[in-house]
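Chains as they are written, first to last, in my numbering: chain A, 60 to 651; chain B, 134 to 404. Where is the CB? At the ideal position from N, CA and C, for every residue including glycine.
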Amino acid sequence: MVEIPAGSAHAVPAAEVEDMELYHPKSWWTKYVFSQDAKIIAVQYSVTALSIGLVALVLSWLMRLQLAFPGYFAFIDADHYYQFITMHGMIMVVYLLTALFLGGFGNYLIPLMVGARDMVFPYANMLSYWIYLLAVLILVAGFFAPGGPTGAGWTLYPPQSVLSGTPGGQNWGILLMLSSLIVFIIGFTMGGLNYVVTVLQGRARGMTLMRMPLTVWGIFTATVMALLAFPALFVACVMMLFDRLLGTSFFLPAIVEMGTQLQHGGGSPILFQHLFWFFGHPEVYIVALPAFGIVSDLISTHARKNIFGYRMMVWAIVIIAALSFVVWAHHMYVSGMNPAFGFFFATTTLIIAVPTAIKVYNWVLTLWRGDIHLTLPMLFALAFIVTFVNGGLTGLFLGNVVVDVPLSDTMFVVAHFHMVMGVAPILVVFGAIYHWYPKVTGRLLNDVLGHIHYWVTFLGAYAIFFPMHYLGLLGVPRRYYEIGETSFVPPSAHTLNIFITVMALVVGAAQMVFLLNLIWSLFRGREAGGNPWRATTLEWQTPQTPPAHGNWGKELPVVYRWAYDYSVPGAPEDFIPQTQPATDGVTREIMA
Amino acid sequence: MAVVLILALLVVGSVLFHMMSPWWWTPIASNWTYIDSTLIITFWITGVVFVGVVSFVAYCVWRFRHRPGNRAAYEPENRRLELLLASGTAIGVAAMLVPGLFVWNQFITVPNDAAPVEVVSQQWLWSFRLPGADGKLGRSKTRDITPENPLGVNKNDTTGLDDVIIEGGELHLPVGKPVHILLRSIDVLHDFYVPEFRAKMDMIPGMITYFWFTPTRTGTFDILCAELCGVGHPQMRGTVVVEEAADYQAWLEQQQTFTQLLASGVPQPAN
């Protein structure tokens, strides 16, 4: 254990700029609809993301029904099946998880946790949401367009994504998908710049970077990554639109489609894959890093113990973010790229396991000698650790280039990425909602409904995705409308498919319990008070709950300590808020 | 304390499931047993970590659960422990990566005596081209594809005239001889995938991709497409027959060459 000098808090610097002038809403419309308050925008983002997420949930039900009972539901034909998987994937990754973590949690938590009155550019922040909503509407329009949405798979690999053998390829589907992504990225950039500048420039006095809660570190780093990664997707979308509409050949070589020579030539389909995964791999961490940050704070708060190895946790986040830009081609080991790249990308990919493992160790070491309160946020955090460890470890199979060869494009991959970037981050989303709902609404979520939701979701999701790995090991390929006759898939695999589908229906139904809880508790939940979890961070120290516009009343908070002063020896309570000055001689701090 | 019990059951259940699962890889039919071995190493290392971490979590939750009067310890950092864990992890990672890269090097290094076999994919059909007596495949390109010349083989390249062309039929391979699989697509991405061979590779229009293997046992195996290629993706099936050299020769002699195909002048059925 390092020596921790007592009473070493940095002197609080004087304010360098005047307090921020906020736009004060003049009507109901500018207060609740076209609001420039980050907290309202956060709720708008969250509600929109969860709504479109419900669509993705229903789509997953439909595709699972097809896999368990092939051909039984007449309306799920091959076209529809591929449209469902495509829309499910894209919605979950971009329109739900990215939007919810950054637009939802980012907007709510960044200003409150760093002690700002609002985001630094409230107007651009408002625009960001409305552009996001427009992107969602364009996406949804695909369902109503002639030919339906694209069925190219969420990776949208050309040439098939723009040809007639794929639903929506020569129709509205792919155009709407690409347009929606372009609009999404424009909207995200406005929000993203806001989050980054607010963290860098808008912090309260005394809130040094190394005093920030890990939630802010996670969201901040993920946003920086997104600002660097999304442009690759943006240009890829624009180029594909040109190929499809203007007859260019960025991604299209000479092609004979169904016996006809097409007028394209010279393009490279694999170029799209490089652009896509240059975005796509960082995207995994854009979803994961906010989850890492949030879960660190949930564990610390509910175990009443400082997060173990805070500095290492911050550096692990930063290192993971940097490394994640040089691992993208591990999605392309069998893509036909130069196979020598395999050596480089396998090495970088497995190296990233080290900082990731450090994070896991530090979470579980935070539990060690803690005072663990098994509240719902803590339960969800525990479920996150289990599913993330499981999904992270299977990443070591797929990241190790030669082991990936038999497993790539099989159900093993589907099981892996659902466990690691679907189930695990969503469990954190739930934990976070149970944790911060009292701040947003002033009321606690119902505990009984919460426990039902927790157990069914955690164990059900594990039962869906853990066995699914073994279907992949057997060799069952992914993205198959039906496996049909083969010599190597035994009938027992079909029984497993039925089991997985039943579990998927049950887990989906449990989310209705959660929705019910969200609505019921809004009116009938127990009054929470300002700081129900006895937490140290700034958002729990606001003068009102829910916090008013401007967050802090007359005086901005001043920060005297790091975010993790739980169970400090000698302190009367088992937590010391960040705003408490170091007068009692028990302030401790890690020297940055 | 239900959560402690459940976490413990989850560990035990996952291990039992792994050991008793009837769903395991197909019996191998190629030389890539090294790939299977690397996979087993990975299963052991990751399995131990999974059991260790989740058991530790379960223990902590049981041992350090909140009881009135409890207070957590205050320990912000422990350099030595953190360094120890990081080094241990690095060693475990290296134990997987090193054999993996070693096998990958073999996987991408085609032996000189490997016989070329071309696989051509289109929506949603497999075709094949084998070299004739000269042991060489003629040049080809997508622009040369016509109804009479479905694989776009260059008519002016004499090495291609004796190439054997199999459109939509079975591929036969002699057992025990290394083959260099050359992959072409004429429309969208596909992926030549035979689970028993353990190898697979995408096929890209405008490029020739490859892998190699040696079939190690006779039998009939399914070819599947492993890269989404449109609505017909799951129906894109083929068959590869691995047989003794004599049977292979007998089969080969019955196939038509590129010259014969051109002479017949009959457009082949597209599907």
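Using a cut-off of 7 angstroms between C-beta atoms, extract the partners of B/Arg204 located in chain A.
What you label residue 204 of chain B is simply residue 71 of the second sequence in a count that begins at 1. The answer, in chain order, is Asp430, Ser626, Asp633.
Close beta carbons around B/Ala403, own chain, < 6 angstroms, minus the five adjacent residues each side
Position 270 of the second sequence holds residue 403 of chain B. Confidence is the limiting factor: at B/Ala403 the pLDDT is only 44, short of 50, which leaves the residue's position unreliable and the question unanswerable from this model.
Which of helix, strand or coil does DSSP assign to A/Phe293?
As a working note, residue 293 of chain A is residue 234 in the first sequence. Annotated three-state conformation of A/Phe293 is helix, per DSSP.
Go ahead and pull the three-state DSSP assignment for A/Ser308.
Position 249 of the first sequence, counted from the first residue, corresponds to residue 308 of chain A. Coil, per DSSP.
Quick one: does B/Thr159 have its CB under 8 angstroms from some CB of chain A?
Working through the second sequence from its first residue, we reach residue 159 of chain B at position 26. Against chain A, the CB of B/Thr159 has a partner CB under 8 angstroms away; the residue lies at that interface.
Please classify B/Glu251: does DSSP put it in a helix, a strand, or coil?
The count along the second sequence starts at 1 and reaches residue 251 of chain B at position 118. Strand.
When you check each C-beta in the stretch 422-450 of chain A against every C-beta of chain B, which residues fall closer than 7 angstroms?
When C-beta distances to chain B are compared with 7 angstroms, the residues of the stretch 422-450 of chain A below that value are Val423, Leu426, Trp427, Arg428, Gly429, Asp430, Ile431, His432, Leu433, Leu438, Leu441, Ile444, Val445, Val448, Asn449, in chain order.
For A/Phe634, count neighbouring Cβ atoms within 10 angstroms of its own Cβ and tell me buried if that reaches 16, exposed if not.
Within the first sequence, residue 634 of chain A is the residue found at index 575, counting from 1. A/Phe634 is buried by the Cβ-count criterion.
B/Met334, enclosing beta strand (DSSP E) - first and last residue:
The count along the second sequence starts at 1 and reaches residue 334 of chain B at position 201. Residues 333-336.
8 angstroms is my cut-off, CB to CB: does A/Ser383 come that close to chain B?
Working through the first sequence from its first residue, we reach residue 383 of chain A at position 324. No, its Cβ sits nowhere closer than 8 angstroms to a Cβ of chain B.
If contact is defined by three or more beta carbon pairs under 8 angstroms, each pair taking one atom from either stretch, is the stretch 169-186 of chain B in contact with the stretch 436-455 of chain A?
yes
Buried or exposed by the 16-neighbour rule on C-beta atoms within 10 Å, applied to B/Glu329
On the second sequence, position 196 is the one that residue 329 of chain B refers to. With 16 or more Cβ atoms within 10 Å of its Cβ, B/Glu329 is classed as buried.
Checking contacts by CB at 8 angstroms: is A/Asn459 closer than that to chain B?
One-based indexing of the first sequence puts residue 459 of chain A at position 400. Yes - at least one Cβ of chain B is within 8 angstroms of the one on A/Asn459.
Residue-chain proximity (B/Ala247, chain D), Cβ-Cβ < 8 angstroms
Here the protein chains are A and B, and chain D is not one of them.
Counting only Cβ-Cβ distances shorter than 9 angstroms, please list the residues of the stretch 466-477 of chain A near chain B, keeping chain order.
Leu466, Ser467, Asp468, Thr469
Option nearest A/Val462 by Cα separation, candidates B/Pro155, B/Glu386, B/Asn203, B/Phe240
In the first sequence, the residue the question calls residue 462 of chain A occupies position 403. The shortest C-alpha separation from A/Val462 is found at B/Phe240.
Please name the residue, chosen from A/Val473, A/Phe331, A/Thr595, that lies closest to A/Phe293 on a Cα-to-Cα basis.
Start at 1 with the first residue of the first sequence, and residue 293 of chain A comes out as number 234. The residue with the shortest Cα to Cα distance from A/Phe293 is A/Phe331.
Who are the near neighbours of A/Val61 in its chain, counting only those whose CB is closer than 6 angstroms to its CB and skipping five residues on each side?
Position 2 of the first sequence, counting from 1, holds the residue named residue 61 of chain A. With a pLDDT of only 41 at A/Val61, under the threshold of 50, the placement of this residue in the model should not be trusted, and no figure is reported.
Residues of its chain near A/Ala569, where Cβ-Cβ distance is below 6 angstroms and the 5 sequence neighbours each way are ignored
As a first step, residue 569 of chain A must be located in the first sequence, where it is residue number 510. Same-chain partners within the cutoff: His512, Val515, Thr516.
Quick one: give me the first and last residue of the beta strand (DSSP E) that B/Ile298 is part of.
Counting from 1 along the second sequence, the entry for residue 298 of chain B is found at position 165. Per DSSP, B/Ile298 belongs to the beta strand (DSSP E) from 297-300.
Measure the C-alpha to C-alpha separation of A/Ser119 and A/His477 and round it to an integer number of angstroms.
Numbered from its first residue, the first sequence carries residue 119 of chain A at position 60. Numbered from its first residue, the first sequence carries residue 477 of chain A at position 418. Each residue's Cα considered, the two are about 12 angstroms apart.
Anything in chain A within Cβ reach of B/Val186, meaning under 7 angstroms, just list it in chain order.
Position 53 of the second sequence, counted from the first residue, corresponds to residue 186 of chain B. Going along chain A in sequence order, the residues near B/Val186 (Cβ under 7 angstroms) are Val419, Val423, Val448.
In chain order, what residues of the same chain lie with their CB nearer than 6 angstroms to the CB of A/Ile353, ignoring the 5 residues before and after it?
Here residue 353 of chain A is taken as the residue at index 294 of the first sequence, counted from 1. Thr274, Val487, Ala491, listed in sequence order.
When B/Pro264, B/Leu140, B/Val243, B/Ser220 are compared against A/Ala399, the one with the closest alpha-carbon
Taking the first sequence and counting its residues from 1, the one referred to as residue 399 of chain A is at position 340. Cα-wise, what sits closest to A/Ala399 is B/Val243.
I'd like to know whether the C-beta of A/Arg363 is nearer than 8 angstroms to at least one C-beta of chain B.
Within the first sequence, numbered from 1, the residue matching residue 363 of chain A stands at position 304. So yes, A/Arg363 belongs to the interface.
Using a threshold of 8 angstroms, state whether the C-beta atoms of A/Pro536 and B/Ala359 are closer than that.
For this step, residue 536 of chain A is matched to residue 477 along the first sequence. For this step, residue 359 of chain B is matched to residue 226 along the second sequence. Closer than 8 angstroms, so yes.
What did DSSP end up calling B/Asp267 once you bin it into helix, strand or coil?
As a first step, residue 267 of chain B is located in the second sequence; it is residue number 134 there, counting from the start. B/Asp267 falls in the coil class under three-state DSSP.
According to DSSP, simplified to helix, strand and coil, what is A/Ile542?
Translated into positions along the first sequence, residue 542 of chain A becomes position 483. Of the three classes helix, strand and coil, the one that applies to A/Ile542 here is coil, per DSSP.
So what's A/Phe247 in DSSP terms, helix, strand or just coil?
If you number the first sequence from 1, residue 247 of chain A lands on position 188. Helix at A/Phe247.
Step through the CB atoms of chain A and report whether any lies within less than 8 angstroms of the CB of B/Lys333.
On the second sequence, residue 333 of chain B is found 200 positions in, with the first residue counted as 1. It does; some Cβ of chain A falls within 8 angstroms.
Strictly below 9 angstroms CB to CB, what residues from chain A border B/Arg276?
Residue 276 of chain B sits at position 143 when you count from the first residue of the second sequence. Ala313, Val315, Gln320, Gly324, listed in chain order.
Could you tell me whether the Cβ of A/Asp138 comes closer than 8 angstroms to any Cβ of chain B?
As a working mapping, residue 138 of chain A is identified with position 79 in the first sequence. So, interface residue.
Going by C-alpha distance, which of A/Val297, A/Phe164, A/Gly451 is nearest A/Leu237?
Counted from its first residue, the first sequence places residue 237 of chain A at position 178. The option with the nearest alpha carbon to A/Leu237 is A/Val297.
Please list the residues of the stretch 389-410 of chain A that have a C-beta atom closer than 8 angstroms to any C-beta atom in chain B, keeping them in chain order.
Val393, Ser394, Gly395, Pro398, Ala399, Gly401, Phe402, Ala405, Thr406, Leu409, Ile410
Within the same chain, show all residues whose beta-carbon is closer than 8 angstroms to that of A/Asp138, passing over the 5 residues directly before and after it, in chain order.
What you label residue 138 of chain A is simply residue 79 of the first sequence in a count that begins at 1. Cβ neighbours of A/Asp138 beyond the five flanking positions: Gly207, Gly210, Pro226.
Is it the case that the Cβ atoms of A/Met391 and A/Trp427 are separated by a distance below 8 angstroms?
Taking the first sequence and counting its residues from 1, the one referred to as residue 391 of chain A is at position 332. Taking the first sequence and counting its residues from 1, the one referred to as residue 427 of chain A is at position 368. Contact flag unset, no.
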